[in-house]
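Contents: one structure, followed by commentary.
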Amino acid sequence: MEQQINTRPQGYAPPRKSPAGLGPRLFNKVAREFLPPVVVVVLALLFWQFIIPLGVIPGVRAQYLGTPAGIVSAALELIRDGYGGYTLRQHVTASVLRTAIGFLTAALVGVPLGIFLGFNKRIGAFLLPIFGFLRPIPALAFIPIVVIWFGIGEFAKIFVIFMTAFLYILLGAVSGVRSVPHDYFRLSENYRLPAKSVLFRVVLPAAMPEIFVSLRTAMALSWAVVVASELIAAQTGLGYLISSASQIYAIDKVYVGVALIGIIGVAIDAVFLLIERRLLHWVGK
Amino acid sequence: MIASNVSAAAATARTSPHMVVVRDVAKEFATPAGVRIALNNISLSVEKGKTATILGPTGCGKTTLLNLIAGYTTPSRGEILVDGKPIEKPAPDRGFMFQRPTLFPWLTVLQNVEFPCLFGTEVGSFGSGAQIRKAAVGYLERVGLADARDLYPHQISGGMQSRAALARLLLAQSPILLMDEPFAALDAQTRLSMQRLLTRVVGAEDKKTIVFITHDVEEALLISDDIYLMSASPGRILRHVEVPFSRSSEYEEIVSSAEFMKLKHDLINQLERLIPN
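Going line by line, the protein sequences match chains A and B. Counting from 0, one number per residue, gives the positions in the first sequence under numbering that gives the first Met the number 0. Counting from 0, one number per residue, gives the positions in the second sequence under numbering that gives the first Met the number 0.
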């Protein structure tokens with residue numbers, strides 16, 4: 000054994016591959032990296048569950064804060080019984096559907112129109128300042144106007160999502176087209192590419208990375224806006240759920256709704272990232 | 000009498016061995032400060048199968064001249080004939096190589112090389128996609144990129160990107176090649192190997208006529224038959240040099256010859272005097 004060690008070149012240690020060696024190392028890694036935050040979270044939950052309800056912390060009204068156990072039972076109750084006459088799945092579906100319809104319509108109109116306006120500088124000069132003015136206005140400011148125009152039905156909610164997403168996507172497509180390198184057009188001219196090929200084989204792929212960023216942002220905004228529009232007037236949707244639950248001080252249900260909104264938002268973004276990585280494999284390299 | 004003169008001139012133009020003729024060309028740009036004369040009184044001609052280099056300091060308008068020959072812009076005065084006919088717009092008979100490789104990042108090297116032939120109008124004389132593929136692979140081999148055909152541009156070096164751009168240019172089978180400082184951004188070693196590749200690969204082709212832009216005297220001497228030295232503001236041609244070396248000779252042999260060194264120093268001195276202090 001000693002001999003073996005001595006024959007090794009100095010300063011060289013072979014990588015340990017045996018499971019016996021891996022076990023403690025993996026444990027060390029877990030202990031070092033994951034244990035501290037878990038401990039913090041567990042302590043905080045215990046504090047929340049057992050200390051706060053005692054009412055010993057000045058300025059904190061325990062009844063408005065809920066408890067971790069309450070949240071779990073609220074989640075189970077929502078899954079079992081639903082809320083306001085609709086199942087939890089129906090609420091989620093309502094929100095997702097509104098977002099999807101508003102967003103997809105915005106993408107279908109915004110991307111082609113943005114490409115057209117990016118190309119056609121003259122018409123773009125007429126229309127783009129208007130869209131540029133509208134874009135920074137928060138969608139929430141449109142809601143009262145839209146309610147006056149279209150009432151409080153489905154259309155009003157989808158329209159607000161459409162407006163928000165459309166303005167972002169449109170201006171993203173315009174700037175995507177304008178950022179296409181000039182030499183791409185010169186190359187196309189050199190070999191006399193038909194206009195259709197220039198559009199679909201050069202401009203669209205070249206502008207795609209920027210268009211995709213605007214689609215992702217627009218999607219995130221749409222999801223935020225759907226919740227906001229449901230706060231105002233709706234009988235379904237996650238926005239309705241949290242606003243209605245808060246009015247009856249069902250704080251644990253509000254938490255569940257908010258967490259669900261967050262989880263779905265992250266999931267949607269993950270799907271977009273996945274598509275982006277597959278579709279635009281060259282970006283950022 | 001006048002009429003017969005004109006037709007005689009037209010006849011000479013048609014039968015002229017000159018592939019590219021630039022006659023009394025001027026180019027002016029309107030700027031807020033007034034009209035700026037970018038090019039004045041430019042005349043030059045390039046014989047079929049020859050390489051002419053336009054050598055000049057930065058900002059002398061050499062790229063403008065190349066853009067005029069390519070048809071990307073039109074001259075304010077004068078005319079440009081290609082194969083005896085006035086040029087109108089950019090066309091595949093004049094293949095352009097840009098300062099940067101200009102490869103599409105979403106296509107592989109091979110797809111980039113095939114792109115003009117597959118999607119352009121009357122580019123090359125291939126009967127089918129399979130023929131294009133075969134020829135493209137052949138050119139990739141000739142420029143030393145056979146192993147890189149399925150890689151994306153971001154996965155290969157700048158020199159390899161230039162090689163791919165050269166393969167794309169050659170596959171399009173343009174009789175005239177317009178090259179706008181295509182190797183200027185490369186490091187010295189890579190630039191040298193690209194220059195040798197250009198003379199070797201293009202030499203194997205059927206009589207390419209090349210107009211090459213550079214500010215590098217040695218590059219001009221190594222790759223061309225004729226050098227036109229340009230000065231700036233307004234751009235005009237100061238001097239025409241017929242390069243006396245045979246490009247089939249060895250590189251080391253050329254650069255170490257007394258004649259090469261004398262011409263090189265001569266041109267460098269003249270160029271330096273053109274650059275305003």
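Beta carbons: idealized from backbone N, C-alpha and C, even for Gly.
Where residue i falls, given that 16 or more other Cβ within 10 Å makes a residue buried
{"i": "F103 of chain B", "result": "buried"}
{"i": "H181 of chain A", "result": "exposed"}
{"i": "A29 of chain B", "result": "exposed"}
{"i": "I142 of chain A", "result": "buried"}
{"i": "M260 of chain B", "result": "exposed"}
{"i": "F33 of chain A", "result": "exposed"}
{"i": "H17 of chain B", "result": "buried"}
{"i": "W308 of chain A", "result": "Given that chain A is displayed from residue 0 to residue 284, the structure contains no residue 308 of chain A and the question cannot be resolved."}
{"i": "G131 of chain A", "result": "exposed"}
{"i": "G158 of chain B", "result": "buried"}
{"i": "A106 of chain A", "result": "buried"}
{"i": "V38 of chain A", "result": "exposed"}
{"i": "V226 of chain A", "result": "buried"}
{"i": "F161 of chain A", "result": "buried"}
{"i": "Q3 of chain A", "result": "Note that Q3 of chain A scores 48 on pLDDT, short of 50, meaning its location in the model is unreliable; the coordinates nonetheless yield the value given after this. So Q3 of chain A counts as exposed."}
{"i": "T52 of chain B", "result": "buried"}
Own chain partners of residue i with C-beta closer than 7 Å, once the 5 adjacent residues on each side are dropped
{"i": "T50 of chain B", "result": "I209, F211, I222, S223, D224"}
{"i": "F118 of chain A", "result": "V176"}
{"i": "V19 of chain B", "result": "S44, V45, I68, V81, I175, T208, V210"}
{"i": "I274 of chain B", "result": "P56"}
{"i": "I51 of chain A", "result": "V59, A61, L64"}
{"i": "S174 of chain A", "result": "E209"}
Given residue i as reference, the closest of the options once Cα atoms are compared
{"i": "M229 of chain B", "options": "B:S42, B:A32, B:M18, B:A29", "result": "B:S42"}
{"i": "R277 of chain A", "options": "A:A233, A:I160, A:P208", "result": "A:P208"}
{"i": "Q269 of chain B", "options": "B:L54, B:I155, B:T63", "result": "B:L54"}
{"i": "G83 of chain A", "options": "A:D251, A:D268, A:A233, A:I267", "result": "A:A233"}
{"i": "S44 of chain B", "options": "B:L64, B:A37, B:A29, B:T57", "result": "B:L64"}
{"i": "M178 of chain B", "options": "B:L191, B:S161, B:K261", "result": "B:S161"}
{"i": "E180 of chain B", "options": "B:F95, B:I155, B:K263", "result": "B:F95"}
{"i": "A43 of chain A", "options": "A:A138, A:T66, A:L103, A:P23", "result": "A:T66"}
{"i": "I144 of chain A", "options": "A:T104, A:L220, A:A93, A:S228", "result": "A:S228"}
{"i": "A187 of chain B", "options": "B:L197, B:R22, B:L150, B:E218", "result": "B:E218"}
{"i": "P115 of chain B", "options": "A:Y183, A:F271, A:I160", "result": "A:Y183"}
{"i": "R76 of chain B", "options": "B:A37, B:K47, B:T107, B:K88", "result": "B:A37"}
{"i": "A184 of chain B", "options": "B:T101, B:Y138, B:D82", "result": "B:T101"}
{"i": "A134 of chain B", "options": "B:H153, B:L168, B:L106", "result": "B:L168"}
{"i": "S192 of chain B", "options": "B:H239, B:A171, B:P152, B:G143", "result": "B:G143"}
{"i": "S242 of chain A", "options": "A:L75, A:L230, A:L198", "result": "A:L230"}
{"i": "M164 of chain B", "options": "B:T107, B:T213, B:K207, B:R272", "result": "Per the sequence shown, residue 164 of chain B should be read as Ala rather than Met. The shortest Cα separation from A164 of chain B among B:T107, B:T213, B:K207, B:R272 belongs to B:T107."}
{"i": "E140 of chain B", "options": "B:V112, B:A231, B:V34", "result": "B:V112"}
{"i": "A164 of chain A", "options": "A:L192, A:S245, A:M218, A:S178", "result": "A:M218"}
Residue i - partner residues in DSSP beta bridges
{"i": "I53 of chain B", "result": "B:I212, B:Y227"}
{"i": "K26 of chain B", "result": "B:L38"}
{"i": "F102 of chain A", "result": "DSSP, once it has assigned bridges, lists no residue as partnering F102 of chain A."}
{"i": "D80 of chain A", "result": "BP columns for D80 of chain A are empty, so no partner."}
{"i": "M178 of chain B", "result": "B:M96, B:F211"}
{"i": "K84 of chain B", "result": "B:V81"}
{"i": "I43 of chain B", "result": "With the sequence shown as reference, residue 43 of chain B is identified as Leu, and Ile is not the correct amino acid for it. According to DSSP, which records beta bridges pairwise, L43 of chain B is partnered with B:V21."}
{"i": "I236 of chain B", "result": "B:M229"}
{"i": "G33 of chain B", "result": "B:T30"}
{"i": "R141 of chain B", "result": "The partner list for R141 of chain B (beta bridge, DSSP) is empty, contrary to what the question assumes."}
{"i": "Y63 of chain A", "result": "Per DSSP, none; premise fails for Y63 of chain A."}
Cut-off 6 Å between Cβ atoms - residues of its own chain near residue i, not counting five sequence neighbours on either side
{"i": "W47 of chain A", "result": "P67"}
{"i": "Y190 of chain A", "result": "none"}
{"i": "V201 of chain A", "result": "Y183, S187"}
{"i": "K26 of chain B", "result": "A37, L38, T63, P74, S75"}
{"i": "G69 of chain A", "result": "D251"}
{"i": "L266 of chain B", "result": "V216"}
{"i": "A73 of chain A", "result": "D251, K252, V255"}
{"i": "E271 of chain B", "result": "none"}
{"i": "T189 of chain B", "result": "G158"}
{"i": "Y85 of chain A", "result": "T235"}
{"i": "R97 of chain A", "result": "K156, I157, V225"}
Close-in-space but distant-in-sequence residues of the same chain around residue i (CB under 8 Å, 5 per side omitted)
{"i": "Q89 of chain A", "result": "G81, T235"}
{"i": "F158 of chain A", "result": "G101, V145, F149"}
{"i": "L67 of chain B", "result": "V21, V24, K26, L38, T73, P74, I79"}
{"i": "F115 of chain A", "result": "I122"}
Cβ-based contacts, 7 Å cut-off: residues of the stretch 165-178 of chain B near chain A | Result list: A171.
Between the stretch 79-100 of chain B and chain A, which residues of the former have a C-beta closer than 9 Å to a C-beta of the latter?
-> Per Cβ criterion, the list reads K88, P89, A90, P91, R93, G94, F95, F97, Q98, R99.
Along the stretch 166-191 of chain A, what residues have a CB closer than 9 Å to any CB found in chain B?
-> Flagged, chain order: P180, D182, Y183, R185, L186, S187, E188, N189, Y190, R191.
With 7 Å as the C-beta to C-beta threshold (strictly closer), list the residues of the stretch 194-213 of chain A near chain B in chain order.
-> Listed by position along the chain: S196, R200, P204.
Interfacial residues, the stretch 248-272 of chain B to chain A, with Cβ spacing under 7 Å = Within the stretch 248-272 of chain B, no residue has a Cβ lying closer than 7 Å to any Cβ of chain A.
What are the residues of the stretch 200-224 of chain B that lie near chain A, defined by any Cβ-Cβ distance shorter than 7 Å?
-> So nothing in the stretch comes that close.
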